[in-house]
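Asker: Can you read through this structure? Questions will come right after.
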Amino acid sequence: MPLAQTDAESKKIAPPLEIHDLTVAYTKRPVLYGIDLEIPKGSIVGIVGPNGAGKSTLIKSVMGLLPSASGWVKVFGKPFKQAVTRVGYVPQRESVDWDFPVNALDVVLMGRYGRLGPFKRPNKSDKNIAMACLEKVRMAPYAKRQISNLSGGQQQRVFLARALAQESDLYLMDEPFVGVDAATESAIIEILRELQTQGKTLIVVHHDLTTAPDYFDRILLLNMRVVAYGNTKDVFTFENLQNAYGGRLSILSEVALSRARKKAEGDTPEDSLR
Amino acid sequence: MRELLPHAVSNGSKQRLAFSIFGILTASTIAHAAQIGKISETSWTEQALDFLSLEEPVVRTAVLGTLIIGFCCGVLGSFLVVRKLSLLGDTLSHAVLPGVALGFLWNASKDPWAIFIGATAAGILGVALVGWIKQTTHLKEDSAMGMVLAGFYGLGICMTTMIQNMAMGNKSGLDKFFFGQAAALSSGDIQLLGIISLITVVLVLIFYKEFIAISFDTGFAQAIGMPVQVLHYALMALLTFAVVVSLQAVGVVLVSALLITPAAAAFLLTDRMHWMLILAAGFGMLSGVLGAFISYLSNNLPTGPLIVLGATLIFVLALFFGPRHGFLTKTLRRKRQRQRIALENTLKSIFYLCENSDFERREFVVAELAVERNSNLPATEREILNLVEADMAEWIVDSNTPSMSGQARFRLSKEGWYRACEIVRNHRLWELYLTSAASYESDHVHDDAEEIEHLIGEGIVKRLEDRLQNPIHDPHGRLIPRRDQVIA
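Top to bottom, those sequences are chains A and B. Sequential numbering from 1 applies to the first sequence in the numbering used here. Sequential numbering from 275 applies to the second sequence in the numbering used here.
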């Protein structure tokens, strides 16, 4: 009886993200067609696909940053605007001007702005939270550093810290691993795993096929439409990837792919013999 | 022309009224005040004192007006500069022109509010057009701004010329409209300016975090639920206000300079946004008063260009003397570093001399050091003089000292000896680190250590010592000196 109850309760809880028949168009040319998607709570989902597949477009239109032509998006069962504070966002690092006259702590504090709402200024506890988030990404010593004096990897950590400061339940991350050093990459993935154990849901746009099966337990293969979506092991097949990347898959990336696919399937002896 | 304007108003002739579209922008209600300084026989200094005493109401009005304008333009211009929208200032100042003409035509009087409303509407329409072109086409913002600027300006010129032709075609007001005249500000204009600046300050204070957020990362601001469009247009409306009220003091062509230049100077001097706003406001006010002052002294130079020149002067000063990024400051800093390195190299050579004598001798003659440093006598003597000046060495003067050149004796002071030990320690620690931790060959490490020894601080030295477990000998088998154990 208690078991049944919890089952019923979990059914009632709306998924962190539900997308139905979403179509997005830039100046009338559709970029995303009829996307249907449901992301379960506590998963790390990688969005993988070739350039121009609409990966960033998808997460931007989830947040209403781009207008959608049709379809709807629900975040924890509500329209995005009513669930703003439950969504954390890490934009692409190139999307901002790093010469902007703010320091790392100022940027992370912006993560608190959504919760503050209008007319309120960040107070001491907001600053403490921001500092703790910088600490988490091991950037506390650089808190007072102007952001252009940080390396690419450090800038990406600051962006991650800002998202952490949002204290959200669903995180949308746009290429957080682009242009970062190996140390930052492993630091970021460590934090993502930690967030996952706290029951947060993460959706990460990712371009590197070789690491994708290591990082994500679910993968969305995207190329203007959903090519495949599900558990990494089921989705990361050669046919699916061939479908997503079209004829553009060169021999080189085919080799890289087959290696990555083997990783996804678990590196059993038979695999390496194959 | 100056004398004509009041007649134009009092005669009530429609034509003359139409003509005074330029009057509102130049002479306003105080017709005699088209220039701040009255032509007089008094000397330069007396005029300066006249201005500074602020006794004349015209001077007071002009100073107050330029202060407020400088303040508003500095604060709002900062947002343009950090958002890389500098051209938008130009777009706005040119786009308001048709609105000014329409505002005048509305009731054919020089009601400042009608013109203000017309100009603001035209300015916001211009900005909205820029946004619309950017969103609906794949043209970039700069092209959109350039087109809107030129289009509105062309329309504005046609409209004002038509109004002018309806009148008597006297063009003498035109130059003031283009270049601005602070003395043309009336007390009514000052009221308007005051209200606008108050609105600006209050809104920027209330929405400071919102304006920063949309300026730094619009996408993120929108994602956390900020009404990005509303905030953007609020900022643009404030900018339009500032541009419209500044027109008559600075002139249409130069308003944008007052928006950009003080903010750009502030940007060079600080890397925190709130300091940038404060500095830009200060620079704006300073250049405003400077412009009004020189305009008063020179009697016939228009205020606008002088204000802009004042702002440009401030920018040039910031460019050269800025504490962090200034050209001269950087050059000086580099020069000081070169001097320090030269000093440290001399100290190191003296340490070697000392070491070669198994730390028996502590006094040396210039010639010995010259040989060690592979240098000539005068240069070596200069190096020792530099050390003496820095209290790191002293000459030994006694009756035995021969006056022959190169035979003058010297020794290191305690401070000099410490410093020499530090440099040699840094050098040898680094050599050891490279050979043991980074597996360099021991004959490859000297040149790198020559550079590094001047750069590493106490923190890194401590870490090197820990990592190498407080070593005693360098890769060449020589002793690594430590600061706390004075060898000599």
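Using N, Cα and C, we set each Cβ at its ideal position, and we do this for glycine too.
(1) State the beta-bridge partners of M173 of chain A as determined by DSSP.
(2) Please classify W98 of chain A: does DSSP put it in a helix, a strand, or coil?
(3) Taking the CB atoms as reference points, tell me whether S561 of chain B and G578 of chain B lie closer together than 8 Å.
(4) Mapping DSSP to helix, strand and coil, what is R218 of chain A?
(5) Applying a beta-carbon distance threshold of less than 7 Å, which residues of chain B neighbour L170 of chain A?
(6) Is there at least one Cβ from chain B nearer than 8 Å to D97 of chain A's Cβ?
(7) Are any of the Cβ atoms in chain B nearer than 8 Å to that of Q155 of chain A?
(8) Whose CA, out of B:L467, B:L354 and B:T335, lies closest to the CA of A554 of chain B?
(9) Between I498 of chain B and chain A, is any beta-carbon pair separated by less than 8 Å?
(10) Could you spell out the range, first to last residue, of the beta strand (DSSP E) harbouring D21 of chain A?
(11) Got a sec? Which residues, its chain only, sit under 8 Å from G71 of chain A by beta carbon, not counting five neighbours each side?
(12) Would you call the stretch 119 to 128 of chain A in contact with the stretch 175 to 184 of chain A, where contact means no fewer than 3 C-beta pairs closer than 8 Å?
(13) On the criterion of 16 or more Cβ atoms from any shown chain inside 10 Å, does A537 of chain B qualify as buried, or is it exposed?
(14) Between the C-alpha atoms of C347 of chain B and A424 of chain B, what's the straight-line distance to the nearest angstrom?
(15) Note down, in chain order, every chain A residue with its Cβ under 9 Å from the Cβ of E484 of chain B.
(16) To the nearest whole angstrom, what separates the beta carbons of A511 of chain B and V502 of chain B, a pair I think is in contact under 8 Å?
(17) Out of A:Q154, A:E194, A:L222 and A:V227, point me to the one whose CA is closest to Y171 of chain A's CA.
(18) Counting along the chain, where does the alpha helix (DSSP H) carrying K74 of chain A start and finish?
(19) Should A104 of chain A and L134 of chain A be called a contact, given that it needs their Cβ atoms to be closer than 8 Å?
(20) What is the rounded straight-line gap between the Cα of L459 of chain B and the Cα of V75 of chain A?
(21) Is the beta carbon of A694 of chain B less than 8 Å from the beta carbon of V639 of chain B?
(22) Hey, how far is the Cα of V518 of chain B from the Cα of S417 of chain B?
(23) Report the CB separation of P16 of chain A from T201 of chain A in whole angstroms; it is logged as a contact under 8 Å.
(24) Name the DSSP bridge partner or partners of P30 of chain A?
(25) Our contact map puts V205 of chain A next to I47 of chain A with C-beta atoms below 8 Å; I'd like the distance itself, whole angstroms only.
(26) Below 7 Å on C-beta distance, what does F100 of chain A contact in chain B?
(27) Looking only at its chain, what residues have a beta carbon closer than 6 Å to the beta carbon of W704 of chain B, apart from the 5 residues adjacent to it on each side?
(28) N103 of chain A touches chain B at which residues, Cβ-Cβ below 9 Å?
(29) For a quick check, are the C-beta atoms of M419 of chain B and L509 of chain B less than 8 Å apart?
(30) Taking DSSP as the reference, what is the three-state secondary structure of V671 of chain B?
(31) Taking P213 of chain A as the reference, which of A:T197, A:N223, A:Q196 and A:D234 has the closest Cα?
(32) Quick check: the stretch 140 to 155 of chain A against the stretch 91 to 108 of chain A, are at least 3 beta-carbon pairs closer than 8 Å?
(33) Where DSSP assigns a beta bridge to R683 of chain B, which residues make up the other side?
(34) Would you call the CB atoms of V108 of chain A and A69 of chain A closer than 8 Å?
(35) For A402 of chain B, which of B:L413, B:L366 and B:I389 has the nearest alpha-carbon?
(36) Under the three-state reduction of DSSP, which class applies to L37 of chain A: helix, strand or coil?
Answerer: Once the coordinates are examined:
(1) Answer by DSSP bridge pairing, in chain order: A:V90 and A:V204.
(2) In the three-state DSSP reduction, W98 of chain A falls in the coil class, being neither helix nor strand.
(3) In terms of Cβ geometry, S561 of chain B and G578 of chain B do not form a close pair [threshold 8 Å].
(4) Note: R218 of chain A maps to strand in three-state DSSP.
(5) Within 7 Å Cβ-Cβ: nothing; L170 of chain A doesn't reach chain B, min ~12 Å.
(6) Yes - at least one Cβ of chain B is within 8 Å of the one on D97 of chain A.
(7) Interface with chain B (8 Å Cβ-Cβ cutoff): Q155 of chain A is excluded.
(8) A554 of chain B has its Cα closest to that of B:L354, out of B:L467, B:L354 and B:T335.
(9) Cβ-Cβ to chain A under 8 Å: yes for I498 of chain B.
(10) L17 to Y26 is the extent of the beta strand (DSSP E) around D21 of chain A.
(11) Once the five neighbours on either side are set aside, the close Cβ partners of G71 of chain A are I19, H20, D21, L22, T23, G34 and I35.
(12) No: the two stretches stay apart, fewer than three of their Cβ pairs being nearer than 8 Å.
(13) Under this definition A537 of chain B is a buried residue.
(14) One C-alpha to the other measures close to 22 Å.
(15) Those are Y113 and P118, listed as they occur along chain A.
(16) V502 of chain B and A511 of chain B do not touch by the CB rule: their CB atoms are close to 15 Å apart, not below 8 Å.
(17) Nearest option by C-alpha distance: A:E194.
(18) Per DSSP, K74 of chain A lies in no alpha helix (DSSP H); the unbroken beta strand (DSSP E) holding it starts and ends at S70 to V75.
(19) Against a cut-off of 8 Å, the Cβ pair of L134 of chain A and A104 of chain A comes out as a contact.
(20) Distance from the CA atom of L459 of chain B to the CA atom of V75 of chain A, rounded to whole angstroms, is 56 Å.
(21) In this structure, V639 of chain B does not lie closer than 8 Å to A694 of chain B by Cβ.
(22) Here the alpha carbon of V518 of chain B sits roughly 23 Å from the alpha carbon of S417 of chain B.
(23) Rounded, the Cβ-Cβ distance is 4 Å, consistent with contact.
(24) Residue pairing for P30 of chain A: DSSP places it in a beta bridge opposite A:A25.
(25) The pair is a contact, with the Cβ atoms about 5 Å apart (cut-off 8 Å).
(26) Taking the beta carbon of F100 of chain A as reference, the chain B residues within 7 Å of it are V356 and F490, listed in sequence order.
(27) Taken in chain order, the residues that qualify are A723 and I726.
(28) Those are D545 and R546, listed as they occur along chain B.
(29) No.
(30) Of the three classes helix, strand and coil, the one that applies to V671 of chain B here is coil, per DSSP.
(31) Checking every option, the nearest Cα to that of P213 of chain A belongs to A:D234.
(32) Yes: the two stretches touch, three or more of their Cβ pairs being nearer than 8 Å.
(33) Secondary-structure assignment with DSSP links R683 of chain B through a beta bridge to B:V639 and B:I670.
(34) It is not a contact, given that the beta carbons lie outside the stated cut-off.
(35) Across the set B:L413, B:L366 and B:I389, the C-alpha of B:L366 shows the shortest separation from the C-alpha of A402 of chain B.
(36) Strand.
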